[in-house]
Ligand SMILES: Cc1cc2nc3c(=O)[nH]c(=O)nc-3n(C[C@H](O)[C@H](O)[C@H](O)COP(=O)(O)O)c2cc1C
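Residue numbers (the numbering used here): 159 to 316.
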């Protein structure tokens, strides 16, 4: 089985989660970081997994642009969708709904939030200010949901 994981990360948490997921998938797994130069020359994949982090309710633009641009190809493969975000439960479900097109969501074999992190030293001044104001957080917080990553991997592997 050939799997491609395409992701976009700002402060590194989505990259961390994509790497954790890749280790749990069977078969050949390739990772593409949309924040770096990349080219996808062939769509010879059984499964394509798309993941990005959420800022102010929106997924990283690199991921939404990638989905729009490659929708035709994405219709011919199994698709998995994930987000990295600090919201949990119903809020996280809503974020997945709002940030991936219906045609992808309806066909997805797995959809999850992998949780998130607040990494204060990676944030710029404005981000730190917003997080302090809204979430009342001033120190690093890590809430990577390894259980959700495992569940997602099991669903993709089955
Ligand atoms: C300025 C800022 C805004 C954020 N907005 C949201 C949000 O609207 N909803 C949410 O659930 N998480 C939000 N987060 C949390 C991020 O999704 C979380 O930090 C994530 O782990 C970032 O992943 P990345 O390092 O791969 O970009 C925000 C974080 C920052 C710094």
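For every residue, glycine included, the Cβ atom is placed at its ideal position computed from N, Cα and C.
Inter-residue Cα distance where the pair is residue i and residue j
i           : j           : result
residue 190 : residue 232 : 15 Å
residue 210 : residue 283 : 22 Å
residue 171 : residue 198 : 23 Å
residue 265 : residue 237 : 7 Å
residue 187 : residue 180 : 6 Å
Residue of the options minimising C-alpha distance to residue i
i           : options               : result
residue 166 : 201, 216, 199 and 202 : 216
residue 203 : 164, 172 and 307      : 164
residue 302 : 249, 235, 193 and 175 : 175
residue 267 : 289, 194, 208 and 199 : 208
residue 310 : 193, 196 and 205      : 205
residue 242 : 161, 304 and 182      : 304
residue 313 : 234, 219, 240 and 173 : 240
Cβ-heavy atom distance, residue i to ligand 1, below 8 Å
i           : result
residue 185 : no
residue 215 : yes
residue 218 : yes
residue 244 : yes
residue 310 : no
residue 109 : Nothing can be reported for residue 109: it is not among the residues displayed for the chain, which extend from 159 to 316.
residue 281 : yes
Assumed close pair residue i, residue j - CB separation to whole angstroms, cut-off 8 Å
i           : j           : result
residue 212 : residue 253 : 6 Å
residue 280 : residue 169 : 4 Å
residue 276 : residue 295 : 5 Å
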